[in-house]
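What follows is a single structure, written as structure tokens, with notes after it.
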Amino acid sequence: MALNRKIVTTELAPRLLAAYQTDRPAFWKMLDEEVLAQKIRFPLLESLGELLFESIPQAEHFTFCDQLIARETIGGNVLIGTILRLHLPDDMDFCFEKTKEYLIQGDVWYVCDIISERVPGRALLQDFDRAFALLQQDFIGHENGWIRRSPGVAGHLAVKWGLEAPYVERYLDWAVTLGNSKDDFIRTGIGWAVKTVARFHSDLVRRKKILDNPDIGNWMKRKIEIGLARPRDLKSKDAED
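Given below as structure tokens:
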């Protein structure tokens, strides 16, 4: 049976939550078989994550996420990212620490991207100054490559979802300072972000004359050129594609 939002909220979630309260092994079996082993659209998984956040005792949220990451499933990362995202207003620093922990444990690109979009990416939209500082201080210079990739993934999401123009400019100015990086993790992450900036804020990129700057590496210039060639309007329906 194909899942839709109504089935998730009125049928699947109540059964899962009832099992969580009365039979924890049955809960995990149901979650594994009916959710994590299935191909479910990310928005539906996020809806389920929100219901789990509301219904599972808060003191058990992070233990629950620890068990999810150990299962090594794509859908589990969406649930983790959703739960951490909902904790951002209460303790952004701790959510960022858990993000780093899960990126190290997951050790693959899709874990990095799924969680980074939903946690530091959404944090940039909620409290740019704090999130940006954490990414600069604790992520970009980290010994783990996926953590170094994360600030670029986060920036991509935030810009695509309508980060305010002054914040976009601050992010871009910082990203440009990494324009000569030889690190593949930084290049793929930050490269993705600057391409998105170029797509949605072409006037800003042209005003900065980044393509004329001899101190910027060709890899970053290529990303910007790709973005400028595929402009998007933040107000268009496909802005979140």
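In terms of the numbering used here, the sequence shown is numbered consecutively and its last residue is 242. Cβ coordinates follow ideal geometry from the N, Cα and C atoms, glycine included. Note that the coordinates shown come from a computational prediction; the quantities given were computed from them, not determined experimentally.
Taking only the alpha-carbon atoms, compute the straight-line gap between residue i and residue j and give it to the nearest angstrom.
i: L212; j: K222; result: 6 angstroms
i: D234; j: E165; result: 14 angstroms
i: D174; j: R208; result: 12 angstroms
i: L18; j: Q106; result: 27 angstroms
i: E51; j: V79; result: 11 angstroms
i: E303; j: L89; result: Since the displayed the chain opens at 2 and closes at 242, residue 303 lies outside it and no answer follows.
i: C66; j: K183; result: 34 angstroms
i: G180; j: G218; result: 5 angstroms
i: F133; j: Y172; result: 8 angstroms
i: D242; j: R25; result: For D242, the predicted structure reports a pLDDT of 41, less than 50, and the residue's modelled location is therefore unreliable. A value from the coordinates is still provided. Each residue's alpha carbon lies about 37 angstroms from the other.
i: P121; j: R72; result: 22 angstroms
i: E14; j: P58; result: Before going on, a small fix: residue 14 reads as Ala here, not Glu. Roughly 15 angstroms separates the two Cα atoms.
i: Y111; j: Y103; result: 12 angstroms
i: V169; j: R16; result: 43 angstroms
i: Q137; j: V9; result: 38 angstroms
Determine the DSSP secondary structure at residue i, reduced to helix, strand or coil.
i: L49; result: helix
i: N5; result: coil
i: G77; result: helix
i: K209; result: helix
i: R16; result: helix
i: K99; result: helix
i: T10; result: helix
i: P90; result: coil
i: A38; result: coil
i: D242; result: Interpretation of D242 is limited by its pLDDT of 41, a score under 50 that renders its predicted location unreliable; no figure is taken from the coordinates.
i: V112; result: helix
i: P44; result: helix
i: R72; result: coil
i: P26; result: helix
i: H62; result: helix
Rank the options by C-alpha distance to the C-alpha of residue i and give the top, closest one.
i: E47; options: D91, T83 and I116; result: T83
i: G76; options: F28, Q127, I115 and R231; result: I115
i: E144; options: K101, L4, P232 and V206; result: K101
i: G156; options: D185, R119 and G146; result: R119
Just checking my contact of residue i with residue j at CB under 8 angstroms: how many whole Å lie between their CB atoms?
i: K196; j: I227; result: 5 angstroms
i: C113; j: V177; result: Rounded, the Cβ-Cβ distance is 22 angstroms, inconsistent with contact.
(Q) To test your reading of the DSSP string, which unbroken alpha helix (DSSP H) runs of 4 or more residues are found completely within the segment 116-183? (A) 123-127, 129-135, 146-161 and 166-177
Q.
Please give the ranges of any alpha helix (DSSP H) in the segment 211-236, keeping only runs that are unbroken, at least 4 residues long and fully inside the region.
A. 219-230
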